[in-house]
Amino acid sequence: MSTDLTGDASGVDDFAHLHLHTQYSLLDGAIRMSDLCAKVQSRGMKSVAMTDHGNMFGAIQFYQQAKAHGVKPIFGCEAYLADGDAAAKSDRKNYHIVLLAKNRVGYQNLQRLVSYGHLHGFYYNPRIDRKVLREHSEGLIGLSACLGGHISRLIGQGDMDGARERVREYADIFEPGSYFLELQGNGMEAQERVNATLAQLGEDLGVPLVATNDCHYVDQKEAYAHEVLMCMGMGRTINDEKRLKHDCQEFFIKSPQQMWGYFERYPEAMHNAARIAAMCNVELELGRPELPDFKLPEGVDENEYLRDVARRGLITRLGELRALGLSPDEERYHERLERELSIIIDMKFPGYFLIVWDFIAHAKKIGVPVGPGRGSGAGSLVAYSMRITDIDPMQYDLLFERFLNPERVSMPDFDIDFCMDRREEVIRYVTEHYGANRVGQIATFHSLKARGLLRDVCRVMEKSPAEANELAKMVPEGPKVSLSLCMQDPKVLRDAMKKDPEKAAKLEDKLQIAEAASKLRMRCELDPKVREIVEIGCSLEGLNRHAGMHAAGIVIGNRELTEHVPCFKADDKIVTQYTMTDVEQAGLVKFDFLGLKTLTVIDKALDLIRRTHGEAPDLNTIPMNDPKAFELLCSGHTTGVFQLESKGMKDLLIRIAPSSIDDIVALVALYRPGPIGSGMIDDFIAAKKGEIEVTYELPVLEEFLEETYGMMVYQEQVMQVATAVGGLSLGASDLMRRAM
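Start counting the sequence shown at 657; every next residue gets the next number (my numbering).
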């Protein structure tokens, strides 16, 4: 190894940043995933690593973004390394170490180490230790990290013997040639001293050097905003002497040429960054679900078991329909059931249906109220036959292909409502049935948003709470509001709307927000300090604040979850480090356990009736045409009635005067921004009352649109019309529906 100071710059263009923090280094990294790979590509680099603090939250998004930009993704993590046993919760001291995955084995080990830190080693930070690292070092590259790394700390303490000992130990922990001493070119005095010593240690011990920049933000101009972000994370103010501060503005995504400007003194370190990038090659297979195994009776085939449960269930259902005085076309029911079963089996989803059937059957067995069905899953006759749902899809013309399309391979997805108070009992059953290490919740991330962010920045900048509240109130309320939109000039937006009328509708919401924020813009013009606060807010807006747990999503693995995905803990529960979308991309199957207060209220009401009158009505046999019920609905007295209790919905009930369950279904479907804004609801009411003539563009449409007065209200109607008029299969019509 050489530390020749007159190095050769050839090959510098292959340099890759190997130490970089995205917004998933919560309240520390300020690099948005959407910006990272675009910036790397624009600065002429072909590879980049993501090494967030103690987690892999962004791994799937990182991979997808990198592939979209033609950049090679290098998976990594800046781990927290305990000095002793990570499982011992006595000493919070820890060191940083950067881990990079060379291959799939390394990627799996990275997942295991990250998960270990959160599930077993968490003490202020998710920690691993040298013993655990040694056990899972195959396929990994180790970098000695920043000034917070073990070797750098020992150098700073003047313990050179300790530093040498640890360098030898880490070099031995990793595979030969897979441990590097990390130099950073940030110009800080402490870093300069450490760099020189690390270079000498590398020379003495035969351990190679590598150049990194510990990137925390995209461009140099974002350095101050990043300082504010760190203050937010630490609960400090910008002038607090005790806060962690950087004495430089160098932690941005530098170009290879900018990196060479410093590392010309250490050419080997630059070339090794390129060499490491070449060593790291991990490809992920996304979107390939790995279904958990349903526990079958011994010697029983999964497909036949599903057929048996569904067929027997349909016979029971048909008997119940006859008992209600109905005359179902049994041949049609059986034909539909067999068609659905064939599709389910061909798509290899019997296990999914059986798993859902099993935990719903258990819930009903122990008296947990379960919803009758929500979403497209109600279109499955198999689900109705198995009592996964309680809505007859044949009666309501619901289409199976909208739920499970044989022409588009995607996971089925039942949204299942449970009593809010007893939902956890069902989750506990699933956890015990499949194993605590195979069942987990799903991560969500809460981001920095306009009003709250403005208050945070004001606090850091030492504005009084009164001033912070005053500014925050100048920001309009609403889900689409952002500080960036608030700062837009309404005149510019109006001009854009005039120039391009087709975009006018899309810009209307932005214009309304900008106009409502006029006081904030005026304040920025009058007060430079306020402008600075708002500009910092704009820079930080949308970054992640903290990780949480999805209210409904559960995953079940066919092996330990940490073999599938990295995990962490929240409320003492195992949680995947990936969001709802990412966890499915990683191959885990999601189940939605929705807690619905309405079911809890109904259950308690039935209990009161039972205690008062001795027995309660069977909700499944209550007539759907009770005149008194519709009299109540037409009066608008629907407080407490699920989906019918908002003021807008009450007004519509009075206007439309529903006379059938079909009217109620249509009303719920129509009460959405699109139909409301287009005047479709007014036309529907007028047609129902006979005030306008109902017409059909083609005679064939009457069969599908008669019940909604010639209007396409439901997505199923779109599919039916596409099939009847366009000759599409139901599968193809579902693809068209999705495109719309």
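Backbone N, C-alpha and C fix where the C-beta goes; we use that ideal spot for every residue, glycine too.
Please read all numbers here as calculations on a predicted model, not as lab measurements.
query                                                                                                                              : result
Contacts around ASP1307, its chain only, beta-carbon distance under 8 Å, and the 5 residues preceding and following it disregarded : GLY1292
Where GLU1240 falls, given that 16 or more other Cβ within 10 Å makes a residue buried                                             : buried
Beta-carbon gap between SER800 and GLU838 smaller than 8 Å                                                                         : yes
DSSP three-state assignment for ALA744, whether helix, strand or coil                                                              : coil
Segment limits, alpha helix (DSSP H) that includes VAL1245                                                                         : That residue, VAL1245, is in no alpha helix (DSSP H); its beta strand (DSSP E) goes 1245-1252.
Cross-strand partners of LEU871 (DSSP beta bridge)                                                                                 : Looking at the sequence itself, residue 871 is Cys, so the reference to Leu does not match. Per DSSP, LEU676.
Within 8 Å, strictly: CB atoms of PHE1009 and GLY1033                                                                              : no
Boundaries of the beta strand (DSSP E) in which PHE1224 is found, first to last residue                                            : 1223-1226
Own chain, CB closer than 6 Å to GLU831, minus 5 neighbours either side, in chain order                                            : none
ASN1276 versus GLU794: straight-line alpha-carbon distance, rounded                                                                : 58 Å
Unbroken beta strand (DSSP E) run spanning ARG783, endpoints                                                                       : 781-784
Buried versus exposed, by CB contacts within 10 Å (16 or more), ALA1322                                                            : buried
Cβ pair GLY1366, THR1351 closer than 8 Å                                                                                           : yes
Beta-carbon proximity list for MET1392, same chain, < 6 Å, skipping 5 on both sides                                                : ALA1378
C-beta contact flag for CYS733 and ASN711 at 8 Å                                                                                   : yes
Short Cβ contact (8 Å threshold) for LEU1252 with GLY1027                                                                          : yes
Beta-carbon contacts of MET1205 that lie in its chain and below 6 Å, excluding the five residues immediately before and after      : GLN1097, ALA1226 and VAL1231
Same chain, Cβ closer than 7 Å to SER1041, five either side skipped, listed in chain order                                         : ALA966, GLY969, LEU970, ARG973 and LEU993
Boundaries (first-last residue) of the alpha helix (DSSP H) holding CYS1142                                                        : 1139-1142
Opposing strand residues paired with ILE753 [DSSP bridges]                                                                         : ALA735
In DSSP terms, what LYS1229 is bridged to                                                                                          : ALA1226
Limits of the unbroken beta strand (DSSP E) element including ARG1201                                                              : 1200-1212
Enclosing alpha helix (DSSP H) for PHE1286 [first to last residue]                                                                 : 1283-1291
GLN840 in three-state terms, based on DSSP                                                                                         : strand
Between the CA atoms of CYS871 and HIS675 - distance to the nearest angstrom                                                       : 6 Å
Between the CA atoms of ASP817 and MET657 - distance to the nearest angstrom                                                       : Only weak support is given to the placement of MET657: the predicted model assigns it a pLDDT of 36, under 50, and the value that follows is read from those uncertain coordinates. MET657 and ASP817: Cα-Cα distance of roughly 21 Å.
Sequence ranges, beta strand (DSSP E) only - wholly within the stretch 1051-1106, length at least 3                                : 1071-1075 and 1095-1103
Candidates GLN840, LEU942 and ILE784: closest to CYS802 by CA position                                                             : GLN840
Beta strand (DSSP E) segment containing ILE797, residue limits                                                                     : 796-799
Where LEU982 sits in the DSSP three-state scheme                                                                                   : coil
Per-residue burial, SER1066 [other beta carbons within 10 Å of its own, 16 or more giving buried]                                  : exposed
Bridge-paired residues (DSSP) for ARG1030                                                                                          : ASP1071
Nearest-angstrom Cα separation, counted from ARG1201 out to ASP903                                                                 : 25 Å
VAL1239 - containing alpha helix (DSSP H), residue span                                                                            : 1236-1241
Spatial neighbours of PHE671 in its chain, beta-carbon cut-off 7 Å, leaving aside the 5 residues before and after                  : MET701, PRO912, MET915, MET926, ALA929 and ALA930
LYS898 (DSSP reduced to helix, strand or coil)                                                                                     : coil
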